[in-house]
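**Student:** Numbering (my numbering), first residue to last: 1438 to 1539. Even for Gly, the Cβ is constructed at its ideal location relative to N, Cα and C. Have a look at this one.
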Amino acid sequence: MAAASEGQQLGLSELKARLDQSDRVAAVQALDLALSELGDGVTLVWQRPERGLVGRIKPVSAFRDDKSRVCRHVVYSLALGAYQRQIEGVACREPNGSWSLG
């Protein structure tokens, strides 16, 4: 599900293409922190002001899937300048401790 609060809406692939490697690293680290440490309904806001990049991650609810993994519904919004993209999905914790989105 996508929403643009101001400016133009940018496709997810286009927005990803505008992110540099350090932006991607920051986004993944923030997602891991939010999923691992935050309670349901709590929003993590992270920024890279020098790039005009702001991310918001809100884990919504937790459950166990059919593989007994801990999974969380999550809402992730990413804004780069006037462009914003919101994604809702599910992330599940893998046996190695990492989170997979799917």
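For the 8 Å Cβ check, are there 3 or more pairs between the segment 1496–1508 and the segment 1453–1460?
**Tutor:** No, because fewer than three Cβ pairs between the segment 1496–1508 and the segment 1453–1460 fall closer than 8 Å, the two stretches do not touch.
**Student:** Among all the DSSP beta bridges, which residues are the ones paired with P1496?
**Tutor:** As a first step, residue 1496 must be located in the sequence shown, where it is residue number 59. Beta-bridge partners of P1496 (DSSP): V1511.
**Student:** Taking A1471 as the reference, give the member of R1522, R1488, R1509 and L1490 with the closest Cα.
**Tutor:** By 1-based counting over the sequence shown, the position of residue 1471 is 34. Out of R1522, R1488, R1509 and L1490, R1509 has the C-alpha closest to the C-alpha of A1471.
**Student:** Can you look up L1472 in the DSSP assignment and give me helix, strand or coil?
**Tutor:** As a first step, residue 1472 must be located in the sequence shown, where it is residue number 35. In the structure shown, L1472 sits in a helix (DSSP, three-state: H, G or I).
**Student:** Which of the three DSSP states, helix, strand or coil, is assigned to E1451?
**Tutor:** Residue 1451 sits at position 14 when you count from the first residue of the sequence shown. Three-state result, E1451: helix.
**Student:** Give me the residue from S1450, V1482 and E1451 with the minimum Cα distance to Y1513.
**Tutor:** Stepping through the sequence shown from its first residue, residue 1513 is reached at position 76. When each option's Cα is compared against that of Y1513, the closest is V1482.
**Student:** Would you report the Cα separation of T1480 and R1530, rounded to the nearest angstrom?
**Tutor:** For the purposes of this step, residue 1480 is taken as residue 43 along the sequence shown, with counting starting at 1. For the purposes of this step, residue 1530 is taken as residue 93 along the sequence shown, with counting starting at 1. Their Cα atoms are separated by approximately 19 Å.
**Student:** Please check the pair L1515 and G1489, which I expect to be a contact at CB under 8 Å, by giving their CB distance rounded to whole angstroms.
**Tutor:** Residue numbering aside, residue 1515 sits at position 78 when the sequence shown is read from its first letter. Residue numbering aside, residue 1489 sits at position 52 when the sequence shown is read from its first letter. Their Cβ separation, rounded to whole angstroms, is 11 Å, which puts L1515 and G1489 out of contact at 8 Å.
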